[in-house]
Amino acid sequence: MSTEAIEQSGERTTGPLGWYGRTGEFLRDVRNEMKRVTWPSQREVYATTVVVILTSVFFGLYLFGVDLLINNAVQWLFNRFGAA
Numbered sequence: 016m017s018t019e020a021i022e023q024s025g026e027r028t029t030g031p032l033g034w035y036g037r038t039g040e041f042l043r044d045v046r047n048e049m050k051r052v053t054w055p056s057q058r059e060v061y062a063t064t065v066v067v068i069l070t071s072v073f074f075g076l077y078l079f080g081v082d083l084l085i086n087n088a089v090q091w092l093f094n095r096f097g098a099a
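Residue numbering for the sequence shown follows the working numbering, beginning at 16 and increasing consecutively.
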């Protein structure tokens with residue numbers, strides 16, 4: 016039963032390969048998987064990069080404004096009621 020599970024999971028049932036052999040096998044598997052990847056086009060990369068930059072700037076400015084507002088509110092409270 017355990018050999019069936021190993022065969023179904025795709026693991027190799029051969030003897031131990033050793034560190035060097037397992038590393039080579041891993042690198043071959045990585046190369047094969049990288050060939051199957053659907054890479055985005057240059058236009059898609061550019062578009063998503065612009066979206067990320069604009070979103071980062073927007074939220075950065077938003078958080079700056081919220082921080083400024085909270086800072087001013089706390090300063091007003093300290094000035095109004097005195098600092099402890």
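Ideal placement from N, C-alpha and C gives every residue a C-beta, glycine not left out.
As the structure is a computational prediction, the values presented were derived from the model and not from experiment.
Any idea what DSSP makes of L69, helix, strand or coil?
Note: L69 maps to helix in three-state DSSP.
State the Cα-Cα distance for the pair L76 and Q90, rounded to the nearest angstrom.
Cα to Cα, L76 sits roughly 21 Å from Q90.
Using the C-alpha atoms, what's the distance from V65 back to W54?
Their Cα atoms are separated by approximately 18 Å.
Where does the unbroken alpha helix (DSSP H) through I32 begin, and where does it stop?
In the sequence as presented, Ile is not what sits at residue 32; that position holds Leu. Where L32 is concerned, there is no enclosing alpha helix (DSSP H), given that its DSSP letter is neither H nor E.
Rounded to whole angstroms, what is the Cα-Cα separation between D100 and I68?
No statement about residue 100 is possible, as the shown extent of the chain runs from 16 to 99 and does not include it.
On the three-state DSSP scale, how would you describe G97?
Reduced to three states, the DSSP call for G97 is coil.
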